[in-house]
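Data first, discussion second: the structure below is written as structure tokens.
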Amino acid sequence: MLAVQRLWPSPPLDDLDDAALAEHYAWPDGPAVPYVRVNFVTSLDGAVTVDGRSGGLGSAADKAVFHLLRELADVVLVGAGTVRAERYNGVQRATRGRDTPPPIAVITGTADLDPASRLFTDTVVPPLVLTLHSAPRERREAVAAAGGELVVLPRLTPDAVLAELGRRGLVRILCEGGPSLLGALEAADAVDELCLTMSPLLVAGDAGRIARGSPGSPARRMTLVGALLADDALLLRYRRPPAAAATDPGRPA
Ligand SMILES: NC(=O)c1ccc[n+]([C@@H]2O[C@H](COP(=O)([O-])OP(=O)(O)OC[C@H]3O[C@@H](n4cnc5c(N)ncnc54)[C@H](OP(=O)(O)O)[C@@H]3O)[C@@H](O)[C@H]2O)c1
């Protein structure tokens, strides 16, 4: 049995069950506009992968939260680099009164996705493949033949992608990376929430960090809204601060 302890918000709680975990990760109430929740796992020393994949960083609790966050979302947004590196499959379960699980939406300017991969073969709903006219025609055709829904956009900037998902009513957006996509979202100030698992591991090697690219983007303050402890891993939840926080004299600068 997975022992998950809630450290924050107070009061601390022991042995969170599935319902309490879902409550801990409930989406904020609010207008139906795109809200981007990002989920990553990292080692204590900041590595985003072990041997090129994130799986070596995971734990039972991290995996449970990974699946829970998928089930709570309207759509799972991911960069093509992650799909190419990981054995990426669709969301398996429908929850929250839905008939079908949320789709995966892959951002790829090249449409360079393996039609035989689990993205297409191991999924209940077809993945959305957000791409450009400039992607080679044969690749776009291969994606469509594999069952992907091609969505050709004029550009793949965060604002264009989020607008397209919002137009489809997919406003609870769970982004599963990778680092290039997170860097682009940060540069566009499009990250509303970061769920970050800190695995109790030190990882030698030259793995990168969770966000990459976009030098010159300003540092942005986030607010801790949740912290869980499970088997020495910390599962942190940070949100964009409410606008009022900047003027709250009780908050540290
Ligand atoms: N630790 C974790 O939680 C975690 C999570 C996710 C991934 N990872 C790891 O991260 C690595 C992959 O990361 P990555 O940075 O190479 O790839 P990525 O961010 O998953 O995908 C980058 C790709 O997305 C497409 N793209 C299109 N428009 C983009 C835009 N505006 N911004 C960013 N990307 C855009 C491009 O695909 P095209 O080249 O097809 O045009 C680009 O090459 C893998 O090793 C994976 O295991 C770790």
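Numbering that gives the first Met the number 0 numbers the first residue of the sequence shown as 0 and each following residue consecutively.
Even for Gly, the Cβ is constructed at its ideal location relative to N, Cα and C.
Quiz prompt | With 16 other Cβ atoms within 10 Å as the buried cut-off, status of A253 | solution = Past the edges of the chain, shown from 0 to 252, lies residue 253, and the structure says nothing about it.
(request) Could you please give me the residues that DSSP links to A226 through a beta bridge? (result) Looking up residue 226 in the sequence shown gives position 227. BP columns for A226 point to W7, L235.
- Query: Nearest-angstrom Cα distance between R97 and D73?
  - Reply: The residue given as residue 97 occupies position 98 in the sequence shown. The residue given as residue 73 occupies position 74 in the sequence shown. For R97 and D73, the distance between alpha carbons rounds to 10 Å.
* Would H132 be called buried (16 or more neighbouring beta carbons within 10 Å of its own) or exposed? -> Locating residue 132 in the sequence shown gives position 133, counting from the first residue. It counts as exposed.
For the alpha helix (DSSP H) containing L184, name the first residue and the last one. By one-based count along the sequence shown, residue 184 stands at place 185. For L184, the enclosing alpha helix (DSSP H) covers residues 178-186.
For this session: Please name the residue in L56, V40, L68, S42 whose C-alpha comes closest to that of A25.
Result: Here residue 25 corresponds to residue number 26 of the sequence shown, with the count starting at 1. The residue from L56, V40, L68, S42 with its alpha-carbon nearest to that of A25 is L68.
Can you give me the start and stop residues for the beta strand (DSSP E) that E175 sits inside? Locating residue 175 in the sequence shown gives position 176, where the first residue counts as 1. Where E175 is concerned, there is no enclosing beta strand (DSSP E), given that its DSSP letter is neither H nor E.
| message | What does the Cβ neighbour count give for P100, buried or exposed, with the cut at 16 atoms within 10 Å? | response | By 1-based counting over the sequence shown, the position of residue 100 is 101. So P100 ends up on the buried side.
Fill in: Simplified DSSP assignment, three categories, for T246
As a working mapping, residue 246 is identified with position 247 in the sequence shown. Low per-residue confidence applies at T246: pLDDT is 43, beneath 50, and the placement is therefore not dependable enough to give any value.
Next on the checklist: Is it the case that the stretch 175-190 contacts the stretch 147-164, given that we only count it when at least three CB pairs across the two stretches are under 8 Å?
Outcome noted: Put simply, the stretch 147-164 touches the stretch 175-190. At least three CB pairs are less than 8 Å apart.
- Taking all protein chains shown into account, do 16 or more other C-beta atoms lie within 10 angstroms of the C-beta of R219, making it buried, or fewer, making it exposed? Counting from one through the sequence shown, the residue named residue 219 turns up at place 220. Exposed, because fewer than 16 other Cβ atoms sit within 10 Å of the Cβ of R219.
Open item on the list: Looking at V37: is its Cβ nearer than 8 Å to the Cβ of A229?
Closed with: What you label residue 37 is simply residue 38 of the sequence shown in a count that begins at 1. What you label residue 229 is simply residue 230 of the sequence shown in a count that begins at 1. The Cβ atoms of V37 and A229 do not sit closer than 8 Å to each other.
**Report entry** Per-residue burial, A162 [other beta carbons within 10 Å of its own, 16 or more giving buried]
**Finding:** Residue 162 sits at position 163 when you count from the first residue of the sequence shown. The residue is exposed, with fewer than 16 neighbouring Cβ atoms inside 10 Å.
### Continuous beta strand (DSSP E) stretch holding L169: start and end
The residue labelled residue 169 in the question sits at position 170 within the sequence shown. Counting along the chain, L169 sits inside no beta strand (DSSP E), nor does DSSP assign it H or E at all.
Give me the residue from R86, D191, E70, L12 with the minimum Cα distance to G29. Taking the sequence shown and counting its residues from 1, one reaches residue 29 at position 30. Among R86, D191, E70, L12, the Cα nearest to that of G29 is on D191.
Does L15 come out as helix, strand or coil in the three-state DSSP assignment? Taking the sequence shown and counting its residues from 1, one reaches residue 15 at position 16. The answer is coil: DSSP assigns L15 none of H, G, I, E or B.
Drop a sphere of 10 angstroms on the beta-carbon of P153, count the other beta-carbons inside from all chains shown, and report buried for 16 or more, exposed for fewer.
-> The residue given as residue 153 occupies position 154 in the sequence shown. P153 counts as exposed, since fewer than 16 other beta carbons sit within 10 angstroms of its beta carbon.
Tell me the rounded alpha-carbon separation between V105 and L195.
By 1-based counting over the sequence shown, the position of residue 105 is 106. By 1-based counting over the sequence shown, the position of residue 195 is 196. Cα-Cα distance, rounded: 21 Å.
**Report entry** Closest by C-alpha distance to D205, when choosing among T48, D14, D13
**Finding:** By one-based count along the sequence shown, residue 205 stands at place 206. Looking at the Cα atoms, T48 is the closest of the given residues.
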